[in-house]
Each structure stands twice: as structure tokens, then as C-alpha cells.
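This is how it looks when you write it as C-alpha cells:
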């Protein structure tokens with residue numbers, strides 16, 4: 269549709285009796301029409317054309333308004349995230365640790381395994397209900413002061429050192445820990461080294477000795493901290 273640049277309603281009717289329209293007027297007269305009827309026909313034709321242009325203009329404006337309304341309605345329409353139709357649901361649900369613990373492993377820093385134990389994840393769930401996710405605080409990042417979620421740098425007062433965990437807590441926590449470092453994109457080499465380390469600890473012959481598990485827990489905690497340092 270050609271865009272109408274002027275409003276035909278505001279245009280003045282041409283002087284069809286002028287020299288500019290003499291050829292058109294003479295053609296009517298040559299066909300047997302009187303001068304007065306010819307001028308009236310020319311004026312009527314001009315009015316009809318103006319009316320058609322006005323109607324076209326109105327239609328164009330209405331279409332533009334309807335398109336704008338549809339665009340605005342589309343913006344306000346609730347959105348749903350896309351998904352991979354080839355993905356499958358996991359067979360088990362891995363407990364979710366606190367934002368503090370996740371931020372630590374995202375930064376590839378040391379963090380106590382307690383945060384990944386059932387007790388640690390339960391504590392994180394309780395705290396998430398009492399602390400707003402929109403709460404922010406100041407933190408120093410690479411020499412600059414930045415706003416970060418409070419939950420991302422608030423350690424739990426209930427956290428235990430690795431050697432203070434029970435063997436069951438340690439065994440559960442290390443499995444969750446390995447899952448989350450994979451999700452955070454740790455290098456395969458580091459993941460495999462930690463997985464092998466935990467396997468050797470949990471299957472070590474010292475477990476059957478008196479206080480063997482406590483000794484292994486203290487050793488594992490010391491080595492893992494040294495590994496990060």
C-alpha cells in the first residue's frame with residue numbers, strides 16, 4: 269500500500285476552469301457536455317478521489333494501530349522458557365546447597381563439604397526462606413567494590429570442618445560436591461582427580477581399624493585444603 273503523505277481533506281479544490289485543466293475540460297465539451305456540466309463532473313471526480321484517499325488513509329491508520337496493539341499485547345503476554353525435548357529427568361534429586369557454597373565452587377575455591385551434606389542443604393533451604401533473594405551487600409571483587417547477593421558470601425554458623433563430619437555425612441556430601449563441580453564446569457582433569465581421591469578414601473583399608481574413619485576424614489580434609497591452597 270502506497271503511503272499517503274498529505275491529508276486529502278485539507279486540500280483545496282483545484283480551479284478546473286484554469287488553463288492548467290483546459291485540455292481535460294475541452295475533452296468533455298468535445299464529447300457534447302456543456303461547460304458547466306463538465307466543470308461539475310471534474311469537481312465531483314476530484315471529491316470522489318479525495319474521499320477514496322481519505323478512506324485509504326483511515327484504513328492504513330487503523331491497521332497501524334491494530335499492529336501496535338498486537339505488539340504491546342505480545343510484550344505483556346506471559347513467556348515460558350524453552351526446553352530440550354531430548355532431555356530426560358534425573359533418576360535422583362541431588363540436594364541443593366547454599367548460594368555461598370555454589371559461589372565458592374564457581375570461583376574454584378575451597379569450601380567445607382558440610383555445605384553439600386543433607387544437613388547443609390537443609391540449612392540452606394531454611395535460610396532461603398528467611399533471607400530475601402533480592403538482598404544485596406557490598407563486596408570487594410578484583411580490587412573493586414561491587415554489589416552481590418547477601419546469600420552468596422554469607423557462611424553458615426552451623427558449618428562443620430571436614431574432619432568433624434560423620435562418615436555418612438562425608439560420603440553423602442562428596443557425591444553432591446562432585447555433581448556440582450561438574451555443573452559449574454570444572455576442568456575434567458580436576459574432576460577426575462577429586463573423584464579418584466574420594467574413591468580411594470572411602471575404600472581405604474584403614475576404615476576397619478579403630479578410629480580409622482576419623483583418621484581418614486582428617487587426612488582427606490587436610491589434603492583437600494592443601495590442594496586448593
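Residue numbers (the working numbering): 269 to 497.
Even for Gly, the Cβ is constructed at its ideal location relative to N, Cα and C.
Does DSSP put residue i in a helix, in a strand, or in coil?
i: residue 469; result: helix
i: residue 269; result: Any reading at residue 269 is ruled out, since the residue's pLDDT is 43, under 50, leaving its predicted position unreliable.
i: residue 455; result: coil
i: residue 438; result: helix
i: residue 477; result: coil
i: residue 395; result: helix
i: residue 491; result: helix
i: residue 376; result: coil
i: residue 428; result: coil
i: residue 484; result: helix
i: residue 423; result: coil
i: residue 433; result: coil
i: residue 368; result: helix
i: residue 460; result: helix
i: residue 348; result: coil
i: residue 444; result: helix
i: residue 449; result: helix
i: residue 280; result: coil
i: residue 287; result: helix
Is the distance from the Cβ of residue i to the Cβ of residue j below 7 Å?
i: residue 392; j: residue 434; result: no
i: residue 441; j: residue 384; result: yes
i: residue 445; j: residue 484; result: no
i: residue 297; j: residue 306; result: yes
i: residue 459; j: residue 450; result: yes
i: residue 448; j: residue 373; result: yes
i: residue 386; j: residue 363; result: yes
i: residue 493; j: residue 378; result: yes
Alpha helix (DSSP H) containing residue i: first to last residue?
i: residue 382; result: No alpha helix (DSSP H) holds residue 382; DSSP gives it neither H nor E.
i: residue 313; result: 303-344
i: residue 354; result: Neither: residue 354 is in no alpha helix (DSSP H) and is coded neither H nor E.
i: residue 293; result: 290-298
Under 7 Å, Cβ to Cβ, is there at least one residue of chain C near residue i?
i: residue 345; result: This model lacks chain C altogether, as it is built from one protein chain only.
inquiry  = I'd like to know if the region 342-350 and the region 425-433 are in contact, where contact means that at least 3 CB-CB pairs between them fall below 8 Å.
reply    = no
query = On the three-pair Cβ rule with 8 Å, is the region 476-488 touching the region 367-374?
reply = no
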